[in-house]
Each structure stands twice: as C-alpha cells, then as structure tokens.
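Below: the structure, in structure tokens.
In UniProt numbering, the protein residues as written are 1 to 459.
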C-alpha cells in the first residue's frame, strides 16, 4: 500500500511494479493509461508490413520468476527485466548517481543527460516530485517519488533512450531525430536512483518490463513508430518460456475474449464464474484481471473462502476413498510457506504426485460462448520447501483487494498461466489463450527475433 499526496488514485499506482521486485512485500501492480501526446505515426505502415520479435524468458516454477534480457542505451548494455502486464512503464535501477542501489544482476543504468524527460513533458504530470527535486521550471528534469506503507521508497527520473531490436522485417534503423533507419528506437521509461526498502528480500532483476494497457508501454511506442502491431504474448513453461511482440498467427483452438471496457488500465476478460470438478458453484460474476506481475493468484475474500472450502471437502472425500492405499493427506498449520498446507507420508517434489486428490477448477466466461480458462491442480497448488502441498491462492483481504481476482503469472513453485500461450491484442482489444508447449526453445538470436516455436498442446 502506498503513502502519497497525489491528487488522484491513478497517480498513486504508477510505480508499484518495480517496488514489488525490490521489497518483496507487494503482490500485484497497477497501471494508469492516458492519451498519447502525438500518435500521428501510428498508421505509417499497414499491419502486414509490420515486424515482430521474440525474447526468451528465463526462469522456472521453482524460482518463481521469469525474466527477459534486454539491451538499453548506446552503446547497448544488458539488463535483466521482470515482465509485468500490470505495469505500463519499463523501469530500471539507475545511477544518476545511485544513492541506495540494491544488489542486481548488472551495473545500474547510466541515463543520458541530454535525453531526460523534462517537467514540461506531459508524462511528468502523472508523478509526485521529491522535495529536493521539484519542477520549478518547464526545462527542469522530471523527477518522481513513490513511497509505500512498509517504508519502501523509490526516487528517480524519466528518461529517453534506445532499445536495440532485431525485427523480422530486417535491419533498418529508424530514429526519431534524423529519420534514418536503425532498429534502435528511442523509448520512454523510468530509472530509480534512490531505493529504500526493508532488507527482507533482495532483487534478482534490474527492473521491470512494463506491458500494461497504455501508450507508454514499449509495444505501444513501437506501434506508434510503425514498427510492430500493438500485440504481445507470453508462454510460461515449467522451465523458461518466451515473450513475443508484434504480428502472430494464433493456433487453432485459441480462446478469444474481448477486453472488458470498464478495465481501461488492466487486462481483464471481464466477469467469470468458478467451476469446480466440472460443476457450477455459487461463485459467479467474479471480476478477473490477468497480471503477470502478480506473485500469486489472488481471490477476493468471499471467493477465496468458498473455493478453499470446496478444495477441503473434495480432499477429505478423496483421502477417505484412497486411505487404504496408504496415501492420506492431512492439513497442518506449522508450514510457514503459505497459510494452508497439507502433509503426506513423504516429502513431495511435484504436484503431480498428489494431483489425484484434488479437482480441476475453471473460470467460465459466459458472455463469450462459455469460454473457459482451465485451472488444473498444477495451477493452484504449490509444493513447499518442506515437501508439503500448499494452497497457492491467496486471500485478497490480506492484500487490500476486496473485490478483484488477479490471475497471477507467477507463483513461487507453480504457475496459474503455466503451459498456456496468452496473447494480448491491443489492436482489437482481445485477450486469447491456448494450451501450448511453453518449454520449446526459441531460436538463438540477439533478441531471438525469429518466428515463434512450433506450438503443440501441453499434456
């Protein structure tokens, strides 16, 4: 939760995502969208002429993090970024100079002074300014300050710099200044030079890759420059995965949902009903948001309580039926990994060892041909370091989410969106998903800008 004197709530949520990584205390991120200052370049090329590129995602379900390596600046320097569909600005720790830099994979980013965003920039209206760095003149550099209830604080500035990209359309080099072609495009993002967070968790990334619904995201900016369609997607496997930007031919069987109109800032397929073991439940019209930056899948309090009750009842029935086989599970309260865990006669390594004791869940979106997002036991159970089976859905009441249900991209040892290719088509305002072999390797390339790996249904 953030402490701020901002004029409206949207400002208070601008930079949550990166502080997630730094402090480890926040569980979801939010974004704010506004109209672009100049979108005249948006239609410079027809969609068929636009390119695409693919990044490898590194990580695993055990690490609980999937990251992408990107190069920023001139000369380009590598940075490891955590992808986040709930944040709209790419944000990295920087040396401007760095006052309280935290441990990260690479040296802090050094921003180019000539390309710092100024106070007269319309983006600067959406941030609070530190007392030591106010906007006194239009030509002052634009600084921001974000403070959180747990004591975390981030201070930084807005900058422009180049992101070298290798697109499928070839190696031309467009620039905003000279109009000459080079795939090293000036984009706007944030760098933070003063990070004050509780010492409980150190980051393992340099920043975040903001993928939210806003003209400020990398995808939106590249679309405005006529380079790609404003489409991206991620495929998270049990190990590694991939992230693509631009044109994509979806697989047969892809489920498409219109993005909910009342969620202009988030990726939401709208309201869904929970099915449990293939049967309808009283849990209907739940407000759902896809957020790859949410560490856990989070249900609103009433949905959490009812879903956990269903899991417990079915588990008791399954345990009684299977007790003669010597594999009972009993609920325990001494595993501090998550609030609800079950212990078996041995230490478990993977959910597959106990999946027969648990039932499938699904989210049913009745407004679009009864489309379903399947949530098998692997999508809501976690094996703790102690070898116990834990319920991987959190109660939103403990996180300030009373009505929202976040379908998280990352769970510490399990993934709600694992083994699914999830596509965010901002051109048509559609969200799509399809089972896929997300462990397939993308071709090795400076940024893996090849075609996507051949998709095959996950098993």
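For every residue, glycine included, the Cβ atom is placed at its ideal position computed from N, Cα and C.
(request) For residue 362, I'd like the list of residues in its chain whose CB is within less than 7 angstroms of its CB, leaving aside the five on either flank, ordered along the chain. (result) 275, 372, 373, 374, 375
(message) According to DSSP, is residue 240 part of a helix, a strand, or is it coil?
(response) Correct three-state label for residue 240: strand.
(request) With a threshold of 16 other CB atoms inside 10 Å of the CB of residue 229, please say whether the residue is buried or exposed. (result) buried
(request) Indicate whether residue 167 and residue 227 have their beta-carbon atoms separated by less than 8 angstroms. (result) yes
(message) Using only the alpha-carbon positions, how far apart do residue 413 and residue 120 sit?
(response) Annotation note: pLDDT 30 at residue 413 (below 50); position unreliable, no value reported.
(message) Please return the same chain residues whose Cβ sits closer than 8 angstroms to the Cβ of residue 384, not counting the five positions on each side in sequence.
(response) 335, 337, 338, 341, 390, 413
(request) Report the option in 69, 345, 379 whose CA atom is closest to the CA atom of residue 80. (result) Closest option to residue 80, Cα to Cα, is 69.
(message) On the CB-based measure, 16 or more other CB atoms within 10 Å of its CB, does residue 427 come out buried or exposed?
(response) exposed
(message) If distances are taken between C-alpha atoms only, which option among 358, 83, 93, 380 comes closest to residue 320?
(response) 358
(message) The alpha helix (DSSP H) that contains residue 81, what's its start and end?
(response) Residue 81 -> not in any alpha helix (DSSP H); beta strand (DSSP E) instead, spanning 77-84.
(request) Give every residue of the same chain whose Cβ lies closer than 8 angstroms to the Cβ of residue 116, excluding the five residues on either side of it in the sequence, and list them in chain order. (result) Within the same chain, and ignoring the five residues on either side of residue 116 in sequence, the residues whose Cβ sits closer than 8 angstroms to its Cβ are 141, 142, 157, 158, 159, 160.
(request) Could you give the DSSP three-state label for residue 378: helix, strand or coil? (result) helix
(request) Go through its chain and collect everything with a Cβ distance to residue 139's Cβ below 6 angstroms, but skip five positions before and after it. (result) 118
(request) If I'm right that residue 434 touches residue 254 with Cβ under 8 angstroms, what's the distance once you round it to whole angstroms? (result) 4 angstroms
(request) Tell me, please, which residues DSSP counts as bridged to residue 232. (result) 245, 424
(request) Assign residue 313 to one of two classes, buried (16 or more other C-beta atoms within 10 Å of its C-beta) or exposed (fewer than that). (result) exposed
(request) Quick one: grab the DSSP three-state call for residue 110. (result) coil
(message) For a test of the three-state rule: what should DSSP assign to residue 396, helix, strand or coil?
(response) helix
(request) Using alpha carbons as the reference points, say which of 264, 252, 307, 270 lies closest to residue 279. (result) 307
(request) Taking the CB atoms as reference points, tell me whether residue 214 and residue 73 lie closer together than 8 angstroms. (result) no
(message) Suppose you measure from the CA of residue 437 to the CA of residue 431; what does that come to, to the nearest Å?
(response) 19 angstroms
(message) Rounded to the nearest angstrom, what separates residue 439 and residue 353 at their Cα positions?
(response) 21 angstroms
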